[in-house]
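Top to bottom, those sequences are chains Z and C. The opening position of the first sequence corresponds to residue 0 in numbering that gives the first Met the number 0, with each subsequent residue numbered one higher. The opening position of the second sequence corresponds to residue 0 in numbering that gives the first Met the number 0, with each subsequent residue numbered one higher. Taking it in order: structure first as structure tokens, then the write-up.
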Amino acid sequence: MTENENTTNDPIIICEDVHKWFDDFHVLKGITTSFKKGERAVICGPSGSGKSTFIRTINRLEEHQRGTIIVDGIELSNDLRNINLIRQEVGMVFQQFNLFPHLSNLKNITLGPMRVRKLSKRQAEEEALALLERMDIADQAYKYPSEVSGGQQQRVAIARALAMEPKIMLFDEPTSALDPEMISEVLDVMRELAHSGMTMLVVTHEMGFAREVADRIMFFDEGVVIEEAAPADFFDNPQHERTKLFISQTLQH
Amino acid sequence: MEELTFTQEIKPPSTKKGPIRWLKDNLFSNWYNTVLTLFAIVFLYFLFKGVYTWVFTQAKWAVIPANLQILSVGSYPREQLWRVAYVVYVLAILMGLSAGIWKGLNQQITSAVACIGAVITLLPIHVNTSVREAAVIATILIAVSYVFGRDRQNLKRWVIIGWVLMFPWMMFMLRGFGENAISTINWGGLLLTLILAVVGIVACFPIGVLLALGRRSQLPAIRWISIAYIEVVRGMPLVTILFMGSLMLPIFMPGDFQLDKVVRAMIALTLFSAAYMAENVRGGLQAVPRGQYEAAQAVGLSYPKTMTFIVLPQALRSVIPAIVGQFIALFKDTSLVSIIALSELLGVSDNILGNPKWTGLKPELYLFIAVVYFIFTFAMSYVSQIVEADLGVGKH
Ligand SMILES: Nc1ncnc2c1ncn2[C@@H]1O[C@H](COP(=O)(O)OP(=O)(O)OP(=O)(O)O)[C@@H](O)[C@H]1O
Ligand SMILES: [Mg+2]
Chain Z
0 MTENENTTND
10 PIIICEDVHK
20 WFDDFHVLKG
30 ITTSFKKGER
40 AVICGPSGSG
50 KSTFIRTINR
60 LEEHQRGTII
70 VDGIELSNDL
80 RNINLIRQEV
90 GMVFQQFNLF
100 PHLSNLKNIT
110 LGPMRVRKLS
120 KRQAEEEALA
130 LLERMDIADQ
140 AYKYPSEVSG
150 GQQQRVAIAR
160 ALAMEPKIML
170 FDEPTSALDP
180 EMISEVLDVM
190 RELAHSGMTM
200 LVVTHEMGFA
210 REVADRIMFF
220 DEGVVIEEAA
230 PADFFDNPQH
240 ERTKLFISQT
250 LQH
Chain C
0 MEELTFTQEI
10 KPPSTKKGPI
20 RWLKDNLFSN
30 WYNTVLTLFA
40 IVFLYFLFKG
50 VYTWVFTQAK
60 WAVIPANLQI
70 LSVGSYPREQ
80 LWRVAYVVYV
90 LAILMGLSAG
100 IWKGLNQQIT
110 SAVACIGAVI
120 TLLPIHVNTS
130 VREAAVIATI
140 LIAVSYVFGR
150 DRQNLKRWVI
160 IGWVLMFPWM
170 MFMLRGFGEN
180 AISTINWGGL
190 LLTLILAVVG
200 IVACFPIGVL
210 LALGRRSQLP
220 AIRWISIAYI
230 EVVRGMPLVT
240 ILFMGSLMLP
250 IFMPGDFQLD
260 KVVRAMIALT
270 LFSAAYMAEN
280 VRGGLQAVPR
290 GQYEAAQAVG
300 LSYPKTMTFI
310 VLPQALRSVI
320 PAIVGQFIAL
330 FKDTSLVSII
340 ALSELLGVSD
350 NILGNPKWTG
360 LKPELYLFIA
370 VVYFIFTFAM
380 SYVSQIVEAD
390 LGVGKH
């Protein structure tokens with residue numbers, strides 16, 4: 000495990016006994032955890048175990064029905080002002096990219112800064128171009144999302160999230176929709192982001208990435224976290240039967 | 000001893016065919032296609048012959064130029080026609096400026112209109128010299144303001160304000176005031192058709208969008224009101240709504256207050272069209288995937304901003320054909336206002352045919368009116384195709 004010199008002891012996300020139901024279906028069954036500033040957490044687990052649902056409660060794309068979530072000192076409630084404040088601090092990257100198809104890549108990125116952070120067009124574009132440069136796709140700025148490859152689209156999506164200058168980044172299987180040769184270009188960007196000290200919650204099946212970058216790996220099963228540990232312990236000394244099975248299965252691939 | 004390692008490039012097989020070959024493949028490929036082709040040729044021959052002889056030897060076209068004024072403006076008083084001309088001039092200036100400032104689409108639409116102006120100027124038939132004069136002035140105004148508007152981005156705001164103020168000003172201008180006021184009863188012909196259509200189109204669009212959003216609202220009250228409105232209005236014929244606007248509305252109005260007849264027709268057309276517009280827009284909204292809302296929210300956009308910048312642009316451009324179809328229908332539906340005694344383009348034909356001099360010339364008149372309707376609806380359809388190409392619909 001790489002030593003993460005960026006983490007501090009202040010928790011930036013606190014979850015206490017978080018429950019979530021879809022109708023009668025109990026998806027999250029009491030998640031209690033916290034994430035420190037600068038921490039890199041990887042979340043894994045079998046399909047349908049509630050990983051996506053959990054990270055989506057943190058920017059309230061899903062509403063939790065019991066327990067508390069506090070993000071950067073603001074409690075998530077139905078108060079719209081709080082939700083919008085938190086969404087500005089929390090960036091999200093989706094499995095299917097979800098870029099805005101009617102806008103150029105550059106405009107995808109500048110929209111938030113211009114409409115939410117109220118930057119001038121010039122300044123927003125300057126920042127966006129710098130971000131695209133950092134993502135290594137400056138030459139794709141004026142194309143439309145449908146005109147670039149999947150790996151490039153996902154990097155545009157990461158740039159779009161970063162343009163809001165978030166304190167936390169959520170990734171929901173960011174490489175799962177990509178062809179193998181494009182996965183590494185996205186992971187490279189995420190690795191760079193991790194080293195810059197960003198707080199990151201990453202749902203992924205990329206165990207190499209997890210081992211290399213994560214401070215902590217959380218294993219979800221049926222709506223609960225059944226095991227969490229530093230990567231070295233998680234991979235080499237798993238405690239739970241389910242975890243052992245999962246690791247042996249994923250490492251086979 | 001070099002070996003050629005490239006694959007040789009060869010031309011694609013030729014798909015060109017000679018005309019004989021084409022005829023054989025497409026029209027005479029087997030016996031029943033041959034029969035059908037021959038039938039079609041005979042049928043088309045008689046059709047064309049009939050139309051040709053009627054149009055060029057039998058029809059009495061004199062009715063058109065003689066009544067051009069009535070067809071254009073109805074019984075709008077002749078000595079007040081300068082008011083119409085002024086409205087046209089201001090429109091010309093606004094269009095010219097918009098074309099200069101925004102370029103693109105505005106440019107194409109405006110040049111089309113300028114062409115119409117030029118055509119009227121050069122029309123071979125006998126038109127009133129003052130009409131010719133007005134067309135010349137309007138065409139020149141378009142050209143001049145276009146040149147003036149280029150590279151004057153700072154005028155943007157003023158031109159938008161100008162367009163917004165255009166409508167109330169136009170109503171005021173056409174009506175006049177005081178003793179000489181021209182009652183809207185006298186508005187007619189193409190002028191009235193265009194006013195009703197433009198007002199209906201411009202007004203039904205935002206109302207339709209709001210109704211569509213309302214129908215999908217989380218708030219039950221708003222949702223039910225929207226659904227009720229849409230379903231009730233769609234369940235009524237436009238004629239009924241026009242009648243209600245014309246006969247029943249005055250009963251509910253307090254005291255002597257009388258809403259102008261033309262304004263009532265505008266309201267009826269707008270409210271009617273809005274219900275259909277709402278359903279068109281809703282179709283577009285349903286085509287926008289949930290991920291788009293989520294991505295917009297994740298960036299921190301509020302609901303109104305999500306709708307304005309992300310959802311509606313995608314929803315609307317996917318239903319442009321349906322929306323334009325709705326606009327075209329509205330344009331033609333304006334002809335129904337004749338049942339509440341307004342004489343728009345189709346309605347004035349009764350006034351003309353009532354003149355003993357022109358009795359029996361219905362076919363000529365109706366054909367001409369049909370052509371005028373076609374020109375406008377085809378233009379709308381054409382513009383919508385430009386808009387789609389402009390927005391890259393289907394490409395990204
Ligand atoms: N909007 C929804 N309505 C009803 N059920 C849902 C909804 N979203 C998710 N679920 C259900 O909740 C459970 C957890 O879903 P979630 O997407 O969080 O799983 P996941 O761990 O991310 O799985 P995967 O690895 O397949 O993405 C699944 O059984 C899913 O069917
Ligand atoms: Mg998931």
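Glycine included, C-beta positions come from ideal geometry on N, C-alpha and C.
Quick check on residue i - is its C-beta less than 8 Å from some C-beta in chain C?
i                            : result
glutamine 87 of chain Z      : yes
isoleucine 11 of chain Z     : no
histidine 25 of chain Z      : no
glutamate 146 of chain Z     : yes
methionine 163 of chain Z    : yes
glutamine 95 of chain Z      : yes
valine 290 of chain Z        : Given that chain Z is displayed from residue 0 to residue 252, the structure contains no residue 290 of chain Z and the question cannot be resolved.
valine 115 of chain Z        : yes
serine 91 of chain Z         : Looking at the sequence itself, residue 91 of chain Z is methionine, so the reference to serine does not match. Closer than 8 Å to some Cβ of chain C, the Cβ of methionine 91 of chain Z qualifies, so yes.
glycine 149 of chain Z       : no
cysteine 58 of chain Z       : Reading off the sequence, residue 58 of chain Z comes out as asparagine, not cysteine. Yes, asparagine 58 of chain Z lies at the interface with chain C (some Cβ there is under 8 Å from its Cβ).
asparagine 83 of chain Z     : yes
glycine 49 of chain Z        : no
leucine 110 of chain Z       : yes
tyrosine 141 of chain Z      : no
phenylalanine 159 of chain Z : Residue identity check: residue 159 of chain Z is arginine in the sequence provided, not phenylalanine. Closer than 8 Å: yes.
Can you tell me which residues form a DSSP beta bridge with residue i?
i                        : result
leucine 200 of chain Z   : Z:Ala40 and Z:Leu169
alanine 176 of chain Z   : DSSP, once it has assigned bridges, lists no residue as partnering alanine 176 of chain Z.
glutamate 226 of chain Z : Z:Phe218
serine 342 of chain C    : C:Gly187
leucine 27 of chain Z    : Z:Lys19
glutamate 34 of chain Z  : In the sequence as displayed, the identity of residue 34 of chain Z is phenylalanine instead of glutamate. Looking at the DSSP assignment, phenylalanine 34 of chain Z forms a beta bridge with Z:Ile12.
valine 143 of chain C    : In DSSP, valine 143 of chain C forms no bridge with anything.
Applying the 10 Å Cβ sphere with the 16-neighbour rule, what's the burial state of residue i?
i                        : result
cysteine 114 of chain C  : exposed
glutamate 78 of chain C  : exposed
arginine 44 of chain C   : The question names arginine, but residue 44 of chain C in the sequence shown is tyrosine. So tyrosine 44 of chain C counts as exposed.
lysine 50 of chain Z     : buried
valine 146 of chain C    : exposed
histidine 101 of chain Z : buried
proline 173 of chain Z   : buried
serine 272 of chain C    : buried
aspartate 389 of chain C : exposed
glutamate 230 of chain C : exposed
leucine 250 of chain Z   : exposed
glycine 72 of chain Z    : exposed
tyrosine 51 of chain C   : exposed
alanine 286 of chain C   : exposed
asparagine 29 of chain C : exposed
valine 54 of chain C     : exposed
tryptophan 21 of chain C : exposed
proline 396 of chain C   : Since the displayed chain C opens at 0 and closes at 395, residue 396 of chain C lies outside it and no answer follows.
Check whether chain Z comes within 8 Å of residue i, counting only Cβ atoms and requiring the distance to be less than that.
i                         : result
arginine 316 of chain C   : yes
lysine 304 of chain C     : yes
glutamine 313 of chain C  : yes
leucine 300 of chain C    : yes
isoleucine 385 of chain C : no
alanine 388 of chain C    : no
alanine 297 of chain C    : yes
glutamine 291 of chain C  : yes
glycine 393 of chain C    : no
alanine 286 of chain C    : no
lysine 294 of chain C     : The question names lysine, but residue 294 of chain C is alanine in the sequence shown. Yes - at least one Cβ of chain Z is within 8 Å of the one on alanine 294 of chain C.
lysine 10 of chain C      : no
For a contact meaning CB atoms closer than 7 Å, what does residue i contact in chain B?
i                         : result
isoleucine 309 of chain C : The chain labelled as chain B is not found among the protein chains of the depicted structure, namely Z and C.
Query raised in the report: Counting pairs of Cβ atoms below 8 Å between the stretch 314-334 of chain C and the stretch 172-181 of chain C, do you hit three or more?
Result: no
Requested in this report: Decide yes or no for the touch test of the stretch 36-52 of chain Z against the stretch 191-200 of chain Z: beta carbon pairs closer than 8 Å, at least 3 of them.
Outcome: yes
Query raised in the report: What residues does ligand 1 have around it, judged by CB closer than 5 Å to any heavy atom, in chain order?
Result: Z:Phe21, Z:Val26, Z:Ser46, Z:Gly47, Z:Ser48, Z:Gly49, Z:Lys50, Z:Ser51 and Z:Thr52
Query raised in the report: So, do the stretch 38-47 of chain Z and the stretch 212-224 of chain Z have three or more beta carbon pairs nearer to each other than 8 Å?
Result: yes
Report task. Spell out a yes or no on whether the stretch 291-306 of chain C and the stretch 58-78 of chain Z are touching, meaning 3 or more CB-CB pairs, one atom from each, closer than 8 Å. Result -> yes
Query raised in the report: Do three or more CB pairs link the stretch 332-351 of chain C to the stretch 255-267 of chain C at distances below 8 Å?
Result: yes
Query raised in the report: Should the stretch 86-93 of chain Z be regarded as contacting the stretch 157-176 of chain Z, the criterion being three or more beta carbon pairs within less than 8 Å?
Result: Taking 8 Å as the limit for Cβ pairs, the verdict is that the stretch 157-176 of chain Z does touch the stretch 86-93 of chain Z.
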